[in-house]
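Data block below; observations after.
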Amino acid sequence: MWILGIDTSCDDTGVGLVRDGRVVVNLVASQTLLHQRYGGVVPELASREHTQVIDGLVQQALTQAGIGVCDLELIAATRGPGLIGALLVGYTYGKGLAFALGKPFVAVHHLEGHIYAALAQHPEVEPPFLALVASGGHTHLFEVRSWGEYKLIGATLDDAAGEAFDKSARLLGLGYPGGPEIEKLARQGDASKVPLAVPLQGQEGFAFSFSGLKTAVARALEKGYAPADIAAKFQQVVVEHIVQVVTRAAQHTGLTTLLVTGGVAQNATLRARLQAAGLRLLFPPKGLATDNGAMIALAAWRTRWCIPQSQVSLPAAAYLPLC
Ligand code: KG4
Ligand code: ZN
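So the sequence shown is numbered by our numbering: it starts at 46 and just counts up by one.
Right, dumping it as structure tokens:
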């Protein structure tokens, strides 16, 4: 079964083709250069760029897979959450295509897409497990009890982890997206030179908090600490905070499998620290951690049995809880 997956929730146009649960093509038209000079995503520019590229990207994906549009058996697109103008481009395009072809349409939750991306190379994995989605817009820790059944057990109280990377990178004079930039600069720094505390250390729950770190980065810069040392300390503290919360959640729930997904899952220091925590870890393969269309098609493939009928009547939604 060929499934076309589309994601235009934020600043990248993602188009993926999945055949019987296997990713065949995954194309992402990045808007990084467009938004870089503003230090963050400009929603209106993002929507316009999606409109410009989406049709060509779908044609390119079909050509690469060696199939025609009539070979598609199901069309899936991100319904939300995200920037509403951006979401509407891919979502409406997907609905229109499904309608024209007379094929079913599946509306996918963006976070569900991220979760299924991390399962692309692990078809054997079965729930229950913990899933941490750490991206530019979310830091959500779910208990996945069965396929399609999620319990939110922890979330950020303020900024998302990726957002903290992006904002701190901006303060440090680095480019966007900030995660990879901070990761690069941190390699040249010495974390021990900068005092910075891990947030929410005394808590008993599973909340995250990152906005204080951004303020601490600004203070450290004012005090004259070297940007590379600040970057190294910031990254160390973010990673330590995440590791503390997820290991406590693992102990509390008794779950020993942790899926980590979203853009921040690409961070090598985070991966290394989690490996040391003794959990069974699932990460998305290269190219599937950040936003993409293949993850949306994978989510539709895994959940297609639970979806009663074509979902063309559901509206796109900027705010859309998963559970
Ligand atoms: O999942 P994603 O592509 O988009 C959203 O749904 O938000 O995540 C993008 C976020 C950005 O904030 C970016 O700075 C962060 O992921 N990111 C990283 C790394 N690569 C991307 N954060 C830390 N380390 C990285 N290597
Ligand atoms: Zn995302």
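Every residue, glycine too, gets a C-beta built ideally from N, C-alpha and C.
Computed from a predicted structure; not experimentally measured.
Using a Cβ-Cβ cut-off of 8 Å (strictly less than) and excluding sequence neighbours within five positions of residue i, which residues of its own chain qualify?
i	result
Gly66	Pro168, Leu343, Trp346, Arg347
Thr314	Glu228, Ala231, Gln280, Gln281, Val284
Pro244	Phe253, Ser254, Phe255, Gly257, Leu258, Val282, His286
Gln289	Val243, Gln246
Cys115	Leu146
Gly433	Missing from the structure shown is residue 433; the chain here goes from 46 to 368 and no further.
Taking C-alpha atoms, which residue in the options lies nearest to residue i?
i	options	result
Leu78	Leu72, Glu94, Val70	Glu94
Leu102	Ala321, Ala273, Ala163, Val60	Val60
Gly130	Asp52, Leu327, Val309	Asp52
Ser158	Glu194, Gln246, Ala91, Leu333	Here residue 158 is Gly; the residue named in the question, Ser, does not match the sequence. Nearest of Glu194, Gln246, Ala91, Leu333 to Gly158, Cα basis: Leu333.
Gly70	Thr108, Cys55, Asp56, Leu359	The residue you asked about is not Gly; residue 70 is Val in the sequence shown. Nearest of Thr108, Cys55, Asp56, Leu359 to Val70, Cα basis: Thr108.
Leu164	Gly269, Ala276, Arg82, Thr306	Thr306
Gly299	Leu175, Ala205, Gly141	Leu175
Cys368	Gln289, Trp192, Thr96	Trp192
Ala321	Val291, His297, Met340	Val291
Gly199	Ile112, Ala205, Phe187	Phe187
Pro329	Tyr364, His185, Val68, His183	Val68
Thr137	Ile112, Ile99, Ala317, Gly111	Ile99
Thr260	Gly269, Ala209, Ala295	Ala209
His297	Gly141, Gly135, Phe251, Ile341	Phe251
Gly207	Glu194, Leu197, Gly182	Gly182
Leu219	Tyr83, Leu319, Ala106	Tyr83
I think residue i touches residue j, with their Cβ atoms under 8 Å apart; what is that distance to the nearest whole Å?
i	j	result
Gln280	Ile227	6 Å
Gly308	Ser180	5 Å
Ala91	Leu128	6 Å
Ile160	Leu62	Not quite, the Cβ-Cβ distance comes to about 20 Å (not below 8 Å), so this is no contact.
Asp203	Lys212	Actually they do not touch by this definition, with Cβ atoms about 11 Å apart.
Glu276	Leu217	Note on residue identity: the sequence assigns Ala, not Glu, to residue 276. Rounded, the Cβ-Cβ distance is 6 Å, consistent with contact.
Gln76	Tyr221	Rounded, the Cβ-Cβ distance is 10 Å, inconsistent with contact.
Thr301	Ala295	6 Å
Leaving out the 5 sequence neighbours to the left and right, which residues in its chain are closer than 6 Å to residue i when beta-carbon positions are compared?
i	result
Ala214	Gly223, Glu226, Ile227
Gln233	Ala273
Gln73	Just to set this straight, residue 73 is Val in the shown sequence, not Gln. The answer, listed in chain order, is Asp57, Gly59, Asn337.
Glu249	none
Ala143	Ile120, Phe150
Arg64	Trp47
Lys140	Phe150, Val357
Gly135	Ile51, Thr53, Ala122
For residue i, I'd like the list of residues in its chain whose CB is within less than 7 Å of its CB, leaving aside the five on either flank, ordered along the chain.
i	result
Leu133	Ala361
Ala339	Gly50, Gly61, Val63, Val68, Asn71, Leu333
Taking only runs of the beta strand (DSSP E) that begin and end inside the segment 268–351, which ones reach a length of at least 3 residues, in chain order?
302–306, 325–327
Below 8 Å, how does it come out for the segment 118–136 and the segment 144–156: are there three or more Cβ pairs, yes or no?
yes
Closer than 8 Å is the cut-off here; do at least three beta carbon pairs connect the segment 258–270 with the segment 235–244?
yes
For the segment 139–151 and the segment 167–182, state whether three or more C-beta atom pairs, one from each stretch, are separated by less than 8 Å.
no
Taking three-plus beta-carbon pairs below 8 Å as touching, is the segment 80–87 in contact with the segment 111–120?
no
Counting only runs that start and end within the segment 171–249, where is the beta strand (DSSP E) found for 3 or more residues in a row?
174–179, 184–191, 194–200
Using 8 Å as the threshold, is the segment 354–362 in touch with the segment 323–332, meaning 3 or more CB pairs across them?
no
Segments of 4+ residues assigned as alpha helix (DSSP H) that fall wholly inside the segment 49–82
77–81
Tell me the start and end of each unbroken alpha helix (DSSP H) in the segment 92–177 that is at least 4 residues and wholly inside, in chain order.
129–146, 155–162
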